[in-house]
Amino acid sequence: MAFDGRVISNVGVLAAIIESGNFSRAAETLGLSPSGVSRAIARLEAHIGVRLLDRNTRSVSLTDEGRRFFENVAPLLNGIENAVVLTAGATETVKGRLRVNVDAFFARMMLAPHITRFMDMHPDISLELVTKDQLGDLVGEGFDIAVRFGEPPESSLIARKLAETRTITVAAKAYLKKHGKPAHPDDLAQHDCILVRNSLTGHLMRDWQYRRNRKTVAVSVHGRLVVNEAGTLLGACLTGAGIARMKAIGIRDQLAAGELVELLPDWQCESFPLYALYPSRHLPAAKVRAFIDFVVTSLLEPRSN
């Protein structure tokens with residue numbers, strides 16, 4: 000198969016389409032006409048001999064063959080980008096569009112209060128944060144990186160563990176003043192607990208487990224309030240609506256300020272790892288490294304939970 004520089008150019012057009020989501024925005028980003036973008040993709044598909052994109056009037060997505068192809072070439076594009084930055088002597092300059100896939104808890108409870116600092120640190124970054132219930136197809140949807148709680152799925156993605164956080168039981172002082180403080184997990188059955196419904200499965204998570212030494216206690220909790228989103232859970236708990244269980248790493252400020260009180264501290268609940276995932280087998284792009292460094296140094300290291 001013949002190879003020339005036009006193939007790299009056409010691959011760059013493919014990357015722009017994946018990042019922007021359609022031909023028109025890719026054309027605007029690249030300074031091309033929409034027909035020029037279409038011709039570039041047609042030439043690339045003809046050169047490879049497979050269809051890379053499924054397109055309709057509303058959206059563009061990678062075919063299975065296109066996804067496999069882009070998973071292999073994305074590291075090369077990142078390598079070219081890094082080489083250009085390094086050669087230009089701008090090793091500390093982070094530029095370009097960064098598209099990040101995050102879950103609702105991380106986005107609202109941890110990232111949103113500090114995101115202005117990241118933008119101030121990197122004025123040449125254009126950041127898009129997309130909150131999703133599930134990881135989805137990182138490559139096919141044009142994401143540079145994902146930051147998610149839970150063990151990552153088996154895939155070709157690079158997974159870097161950033162932290163481990165425990166789940167803790169908390170309540171506002173207003174609630175405890177009115178209803179008292181539980182001394183044992185079994186006492187929770189007599190309290191108003193804020194229940195969480197899994198937005199994917201619809202399952203109501205009312206079975207709370209606790210461990211101390213070798214003893215495990217399972218409590219079926221009850222409450223009149225049901226939520227399905229972390230921000231609502233926190234807001235309701237802060238107003239004294241009931242007892243809640245949340246990831247400690249996301250409510251450190253509220254605990255430090257005394258707005259929330261940790262209950263049953265001698266009993267352990269489940270824990271969750273926090274991972275960064277990105278579609279590259281090699282050194283990630285400078286903008287991806289900068290985002291990971293920001294998460295680690297600004298959101299995780301100052302206070303350990």
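Residue numbering for the sequence shown follows numbering that gives the first Met the number 0, starting at 0 and increasing by one per position. From the three backbone atoms N, C-alpha and C, an ideal C-beta is built for every residue, glycine too. Fair warning: this is a prediction, and the values are worked out from it, not measured in the lab.
Original post:
Can you tell me where the beta strand (DSSP E) with Leu-156 in it begins and where it stops?
Top reply: The residue you call residue 156 lines up with position 157 of the sequence shown. Segment: none, Leu-156 is in no beta strand (DSSP E) and carries neither H nor E.
Original post:
Taking just the CA atoms, how far does Ala-247 sit from Val-287?
Top reply: Position 288 of the sequence shown holds residue 287. Position 248 of the sequence shown holds residue 247. If you take the alpha carbons of Val-287 and Ala-247, they lie about 26 Å apart.
Original post:
Would you say Ile-291 and Arg-159 are within 8 Å of each other, going by their C-beta atoms?
Top reply: Within the sequence shown, numbered from 1, the residue matching residue 291 stands at position 292. Within the sequence shown, numbered from 1, the residue matching residue 159 stands at position 160. Taking 8 Å as the Cβ cut-off, Ile-291 and Arg-159 qualify as a contacting pair.
**OP:** Out of Met-204, Glu-27, Tyr-274, point me to the one whose CA is closest to Pro-151's CA.
**Re:** Taking the first residue of the sequence shown as 1, we reach residue 151 at position 152. When only C-alpha atoms are compared, the closest one is Tyr-274.
Original post:
Given Gly-11, which residues of its chain have a CB within under 8 Å of its CB, disregarding the five upstream and five downstream residues?
Top reply: Walking along the sequence shown from the start, residue 11 turns up at place 12. Counting only Cβ-Cβ distances below 8 Å, and skipping sequence neighbours, we find Leu-29, Leu-76.
Original post:
With DSSP run on the structure shown, which of helix, strand or coil describes Pro-181?
Top reply: Residue mapping note: residue 181 aligns to position 182 of the sequence shown, counting from 1. Residue state, collapsed to three classes: coil.
Original post:
From what residue to what residue does the alpha helix (DSSP H) around Phe-293 run?
Top reply: Mapped onto the sequence shown, residue 293 falls at position 294. Its alpha helix (DSSP H) spans residues 285-293.
Original post:
Do Leu-126 and Met-118 have their C-beta atoms closer together than 8 Å?
Top reply: Position 127 of the sequence shown, counted from the start, is the residue given in the question as residue 126. Position 119 of the sequence shown, counted from the start, is the residue given in the question as residue 118. Yes; because the gap between Cβ atoms is below 8 Å, this pair is in contact.
Original post:
So, are the CB atoms of Val-59 and Val-99 less than 8 Å apart?
Top reply: Here residue 59 refers to the residue found at position 60 when the sequence shown is read from its first residue. Here residue 99 refers to the residue found at position 100 when the sequence shown is read from its first residue. Contact: no.
Subject >> Opposing strand residues paired with Met-108 [DSSP bridges] >> reply: Stepping through the sequence shown from its first residue, residue 108 is reached at position 109. The partner list for Met-108 (beta bridge, DSSP) is empty, contrary to what the question assumes.
Subject >> Of the residues Ala-39, Val-195, Ala-217, the one placed nearest Val-226, counting alpha carbons only >> reply: Looking up residue 226 in the sequence shown gives position 227. The residue with the shortest Cα to Cα distance from Val-226 is Val-195.
**OP:** Answer with buried or exposed for Pro-122, where buried requires no fewer than 16 other C-beta atoms within 10 angstroms of its C-beta.
**Re:** One-based indexing of the sequence shown puts residue 122 at position 123. Classification of Pro-122: exposed, given that the 10 Å Cβ count is below 16.
Original post:
Nearest CA to the CA of Leu-254: which residue from His-183, Ile-167, Gly-20, Lys-131?
Top reply: Translated into the one-based positions of the sequence shown, residue 254 becomes position 255. Cα-wise, what sits closest to Leu-254 is Ile-167.
Original post:
Exposed or buried, what is Leu-203 when buried is set at 16 or more other beta-carbons lying within 10 Å of its beta-carbon?
Top reply: Taking the first residue of the sequence shown as 1, we reach residue 203 at position 204. That one is exposed.
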